[in-house]
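In what follows, a structure is listed as structure tokens, so that the remarks can point back to it.
Residue numbers (the numbering used here): 134 to 388.
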């Protein structure tokens, strides 16, 4: 029986409101014989997601929306919580009047970067996503780094040039000094990587060209980035970028 206005999602099928998504942790086994058991960290009627570990591994930060049928609200809200990774009571960190697309914790200090969609009145048919920064502190509020950047943070190119499942992702990449962040953006039918100053939001190109960067992952110090790239004539090959020289090397060649 359907009792809610939103009851299914495109590509995901019917929504099971009786079994919301919750956070669990499990220890990595030290041998094939070891069978560690998962431990549930969150519970209740609302789903959690967008989780990241604190740098010491003691806490997990996550996003949720504890509003019944939130799609009726003109302005979306997101609550950010922390919960001890060993188990315990979740603590509300802050609540913001916007939707959050992802979290990334800076490794050198307690500061979090968020890819969000900020919505204000009057509500528009579309609001482009921006990159925001926020201190990890009670009742902290975010600062928009990309107010003057008139393109979609985290955006891509729609089409059949990407794998439908298990294609990987990217998200936010921190530079080793914590002064800049790298993320994909969409601009005029292209999707490339840009580097944004973590204080001023000033952007510089990391990749450029008539292409779509689909998935990407950095080395530990972010000196190199491996990524998949598609063009109108070449579908999804693997490349590695050396940030010091700015040069990319193709690793695979599709048939």
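Glycine residues also receive a C-beta, built at the ideal position from the N, C-alpha and C atoms. Only a predicted model underlies this, so the values are computations on that prediction, with no experimental measurement involved.
{"Item": "Quick check: what's the CA-CA separation for residue 308 versus residue 357?", "Value": "10 angstroms"}
{"Item": "Comparing alpha-carbon positions, which option in 159, 370, 147 and 278 lies nearest residue 267?", "Value": "278"}
{"Item": "Since residue 345 sits in a beta bridge, which residues does DSSP pair it with?", "Value": "324 and 363"}
{"Item": "From residue 164 to residue 338, what distance separates their C-alpha atoms?", "Value": "44 angstroms"}
{"Item": "Among residues of its own chain, excluding the 5 on either side of residue 197, which ones have a beta-carbon nearer than 6 angstroms to its beta-carbon?", "Value": "179, 181 and 212"}
{"Item": "With a threshold of 8 angstroms, are at least 3 pairs of Cβ atoms found where one atom belongs to the region 170–177 and the other to the region 224–237?", "Value": "no"}
{"Item": "Quick check on the DSSP output: the beta strand (DSSP E) that includes residue 374 runs from which residue to which?", "Value": "370–375"}
{"Item": "According to the neighbour-count rule (16 or more other Cβ atoms, all chains shown, within 10 Å of its Cβ), is residue 193 buried or exposed?", "Value": "buried"}
{"Item": "My understanding is that residue 261 touches residue 229, with C-beta atoms under 8 angstroms, so please give their C-beta distance in whole angstroms.", "Value": "The pair is not a contact, with the Cβ atoms about 17 angstroms apart (cut-off 8 angstroms)."}
{"Item": "Quick one: what does DSSP say residue 195 is sitting in, helix, strand or coil?", "Value": "strand"}
{"Item": "Apart from the five residues on each side of it in sequence, which residues of its chain come closer than 7 angstroms, Cβ to Cβ, to residue 392?", "Value": "Outside the displayed range of the chain (134 to 388) lies residue 392, so it cannot be described from this structure."}
{"Item": "Are the CB atoms of residue 290 and residue 322 within a distance shorter than 8 angstroms?", "Value": "yes"}
{"Item": "Judging by CA-CA distance, which residue of 157, 152 and 203 is the nearest neighbour of residue 195?", "Value": "157"}
{"Item": "Can the beta-carbon of residue 348 be found closer than 8 angstroms to that of residue 302?", "Value": "yes"}
{"Item": "Mind checking who residue 227 pairs with in its DSSP beta bridge?", "Value": "213"}
{"Item": "Beta-carbon within less than 8 angstroms of residue 138's beta-carbon, same chain only, minus the 5 sequence neighbours each way: which residues are those?", "Value": "202, 204 and 205"}
{"Item": "Please say whether residue 253 and residue 217 have beta carbons closer to each other than 8 angstroms?", "Value": "no"}
{"Item": "What does the Cβ neighbour count give for residue 265, buried or exposed, with the cut at 16 atoms within 10 Å?", "Value": "buried"}
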